[in-house]
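In what follows, a structure is listed as structure tokens, so that the remarks can point back to it.
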Amino acid sequence: MIRRGHGFLNAPGPTHIPERVLNAMRRQAIDLEDEELTAAIEHCFSGLKPVFGTTQAEIFIYAGNGHGAWESAIANTMSAGDKVLVPQTGHFSTGWAEMAESFGIDCEILPNDLRVATDPAKIAACLDADKSHKIKAVMQVHTDTSTGVTHDIKAIHQAIAATGHPALYMVDSVAALGTCAFEMDAWGIDVAVTASQKGLMCPPGLGIVAASARALEAHKTSTAPRRYWDWSQRRHTAHYRAFGGTCPEHLIFALDEALRMIEEEGLEAIYRRHFHLAEAVRRAVDVWAEGGALGIHALHPAERSNGVTAIRTAEGIDPVELRLLVRQMMRTSVAGGLGQLRGRAFRIGHLGDLNEPMILGSLAAVETSLEMLDIAHQKGGVTAAIDYIAGIKKTELAAARAALREKAA
1 MIRRGHGFLN APGPTHIPER VLNAMRRQAI DLEDEELTAA IEHCFSGLKP
51 VFGTTQAEIF IYAGNGHGAW ESAIANTMSA GDKVLVPQTG HFSTGWAEMA
101 ESFGIDCEIL PNDLRVATDP AKIAACLDAD KSHKIKAVMQ VHTDTSTGVT
151 HDIKAIHQAI AATGHPALYM VDSVAALGTC AFEMDAWGID VAVTASQKGL
201 MCPPGLGIVA ASARALEAHK TSTAPRRYWD WSQRRHTAHY RAFGGTCPEH
251 LIFALDEALR MIEEEGLEAI YRRHFHLAEA VRRAVDVWAE GGALGIHALH
301 PAERSNGVTA IRTAEGIDPV ELRLLVRQMM RTSVAGGLGQ LRGRAFRIGH
351 LGDLNEPMIL GSLAAVETSL EMLDIAHQKG GVTAAIDYIA GIKKTELAAA
401 RAALREKAA
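Each residue of the sequence shown is one higher than the one before, starting from 1 at the first, in my numbering.
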């Protein structure tokens with residue numbers, strides 16, 4: 001096979017890394033006290049706060065990944081014997097619960113249909129029933145990449161607040177942060193976790209935690225074992241201490257540049273871009289689905305993720321074979337099914353440093369592969385995506401022309 005040009009990376013993580021971010025890392029290591037490095041570190045800590053939607057929370061950056069950030073959230077707020085409520089969202093709620101159980105924490109799983117979002121009323125009912133306040137935290141996944149369902153973090157906060165229950169509100173936003181609104185302070189989130197390789201447009205390697213004043217207070221009485229993850233050890237003005245050892249310099253330079261790109265584009269513009277790219281993918285899949293063999297896993301349009309679309313496949317269709325063909329012959333990487341969807345779905349990621357031509361190219365690669373494998377699908381998915389994007393661009397073009405006319409006048 002001839003392999004020329006650039007391939008398309010449409011996994012929901014790691015995601016495409018901008019050239020500016022790559023260039024920021026193409027340098028020699030420097031002294032840990034060099035002013036250029038300390039300035040980049042300070043910008044990372046301050047620049048993450050608007051992305052999290054906080055002015056109050058404290059930020060912790062680890063050389064790690066999202067699973068490391070999970071462990072930090074648990075180890076710094078919980079003690080063996082504590083109880084937490086974990087709404088079922090898919091593969092990643094299960095993983096976070098299993099990690100909590102390894103710390104001796106009792107996890108109450110709130111069952112849910114994995115094709116729909118968590119019902120805030122069910123969380124409220126569990127908390128209302130907990131008269132002795134044994135539940136110390138609600139651990140909610142924002143977007144579970146295995147299902148492509150995004151959960152209403154604001155509505156869940158409102159439901160928790162209405163009960164008056166003192167449980168901490170902990171949110172995994174690894175797959176959502178940077179793709180849709182996230183308001184940590186306004187939504188009463190006590191611990192938020194994310195990682196560098198998705199909406200933040202950086203290489204894998206950084207786990208990030210934001211902790212509210214309530215979480216920091218809970219930390220004082222938590223007895224879970226910790227050292228590397230320990231917030232107390234990292235709440236230090238010396239950068240060597242803030243990173244629990246040597247700062248991951250090149251990843252910090254990457255994050256510093258990525259945050260500058262986010263600031264330049266603006267969060268609201270970023271959220272709009274992600275919605276439009278996601279909707280283009282969904283329009284394509286909806287057309288393919290008319291063939292009877294494919295369908296979007298998330299049932300309700302309002303709950304569909306801006307970052308990833310999970311696509312169910314009918315019996316007799318091998319999504320692993322489809323992924324392999326798409327990657328090897330079309331140079332486009334899409335993800336496989338996870339958890340209950342393993343071997344029953346594939347996933348198209350559409351988050352991070354992406355634009356319309358990149359999405360259209362990846363959709364064309366998938367549609368071509370569907371045709372090559374004789375998988376039943378209605379042709380024209382790419383055309384539907386083009387039509388949707390063209391409509392958006394026409395509106396933007398009209399607004400730009402109107403602005404120019406007004407300026408000229």
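C-beta atoms are modelled at their ideal positions from N, C-alpha and C, and glycine is treated no differently.
- About 7 Å separates the beta carbon of Asn76 from that of Asp230, a gap short enough to meet the 8 Å contact definition.
- DSSP, read as helix, strand or coil, puts Ser333 in strand.
- Taking Val174 as reference, the option from Ala293, Leu114, Thr143 with the minimal CA-CA separation is Thr143.
- Residue environment analysis places Lys379 among the exposed positions, since fewer than 16 neighbouring C-beta atoms fall within 10 angstroms of its C-beta.
- Within the model, the alpha-carbon separation for Lys122 versus His219 is close to 28 Å.
- Excluding its 5 nearest sequence neighbours in each direction, Leu168 has C-beta neighbours in its own chain below 7 Å: Thr77, Lys136, Ala137, Asp190, Val191, Arg214, Ala215, Ala218, listed in chain order.
- When Thr118, Val51, Phe45 are compared, the shortest CA-CA separation from Glu268 is found for Val51.
- Between Thr223 and Ser72, the C-beta spacing is not below 9 Å.
- In summary, Ala39 is exposed, with fewer than 16 beta-carbon neighbours lying within 10 Å of its beta-carbon over all protein chains present.
- Gln140 sits in a strand when the DSSP states are folded into three classes.
- In the displayed model, Gly391 falls within a helix according to three-state DSSP.
- Unbroken beta strand (DSSP E) runs of no fewer than 3 residues, entirely contained in the region 345-381, are found at 345-349, following chain order.
- According to the DSSP assignment, Ile189 belongs to no beta strand (DSSP E), since it is labelled neither H nor E.
- DSSP, reduced to helix, strand and coil, places Ala176 outside both helices and strands of the structure shown, so it counts as coil.
- Annotated three-state conformation of Pro225 is coil, per DSSP.
- Cβ contact annotation for Ile156 (same chain, cutoff 7 Å, sequence separation greater than five): Thr118, Pro120, Ile123, Gln140, in chain order.
- When Leu251, Ala293, Ala278, Gln233 are compared, the shortest CA-CA separation from Glu371 is found for Ala293.
- Membership of Leu85 in any alpha helix (DSSP H) is not indicated; the residue belongs instead to the beta strand (DSSP E) covering 83-87.
- Assignment of Glu321 by DSSP, reduced to helix, strand and coil, places it in the helix class.
- Ranked by how close their Cα comes to the Cα of Gln56, the residues Ala186, Arg304, Gln340, Thr246 have Ala186 in first place.
- DSSP, read as helix, strand or coil, puts Ile30 in coil.
- Straight-line measurement puts the Cα of Leu397 at about 40 Å from the Cα of Ile59.
- A direct Cα-to-Cα measurement between Asn355 and Leu277 gives close to 7 Å.
- If you draw a straight line from the Cα of Ala280 to the Cα of Gly391, it comes to about 11 Å.
- One Cα belongs to Thr163, the other to Ser93, and the distance between them is close to 23 Å.
- Looking from the CA of Gly291, the closest CA among Glu108, Glu367, Pro166, Ala403 belongs to Glu367.
- Taking the Cα positions, Arg226 is about 16 Å away from Gly81.
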